[in-house]
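One structure is given here, and the rest of the page talks about it.
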Amino acid sequence: MSNGPHAKLAELGLTLPEVVPPVASYVPAVQSGQHVYVSGQLPMAEGKLLATGKVGNGVSAEQAKDLAQRCALNALAAIDSLVGLENVVKIVKVTGFVASASGFTGQPGVINGASDLFGEVFGEAGRHARSAVGVAELPLDAPVEVEVIVEVA
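Read in order, the letters of the sequence shown are residues 1 to 153 in full-length UniProt numbering.
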């Protein structure tokens, strides 16, 4: 188990946070068959949004990439609490939403913050299909939101 997902997180200097409580009428993650669907995760830590605003106007692309990694970490916490990270077979699909200032087109680079973390934690099983979408607004004025679908054993 020393090279499992929890060990990989520790090697990266990361620990799973508490599951972020929903901000509306939904659950953090739900299992259906062999898949877990994780609700959109915001860059929250200790009950607070780490940043607000638009990427490309007040939030840099590099900061947003770090925020996307936090969203992914929050998604992993939701998965772990539901089925355990050790049961993840494959990260299937990542959808990233980036609250984008007019003219900002670097959404793929921002969402790499999430994708790269999944790859580091799960290796080949962390490679996934993905969409990176620019949007006008996100809940609570968050700059980034990430949702994930994973296959589990």
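The C-beta atom is built at its ideal place from N, Cα and C for all residues, glycine as well. No experiment lies behind these values; they were computed from the predicted model shown.
With respect to the alpha helix (DSSP H) encompassing G84, which residues constitute its N-terminal and C-terminal limits? No alpha helix (DSSP H) contains G84, which DSSP labels as neither H nor E.
Buried or exposed, going by whether 16 or more other CB atoms sit within 10 Å of the CB of D80? buried
DSSP-derived helix/strand/coil call for residue 185: In the structure as shown, the chain starts at 1 and stops at 153, and residue 185 therefore has no counterpart that could be examined.
Other residues of its chain near E137: CB distance less than 8 Å, five sequence neighbours each side excluded: A99
Range of the contiguous alpha helix (DSSP H) that encloses H128: Per DSSP, H128 belongs to no alpha helix (DSSP H) and is neither H nor E.
Leaving out five residues before and five after E120 in sequence, what residues of the same chain have Cβ atoms less than 8 Å from its Cβ? K8, L12 and G126
Residues of its chain near L14, where Cβ-Cβ distance is below 7 Å and the 5 sequence neighbours each way are ignored: L73
Taking 7 Å as the threshold (C-beta atoms), are A61 and V19 in contact? Result no, Cβ atoms of V19 and A61 do not sit closer than 7 Å.
Restricting to Cα atoms, I'd like to know which of A68, Y37 and N3 is closest to L49. A68
Best match in G123, F97, V92 and M44 for proximity to V150 [C-alpha to C-alpha]: Among G123, F97, V92 and M44, the Cα nearest to that of V150 is on V92.
Return helix, strand or coil for A61, following the three-state DSSP convention. helix
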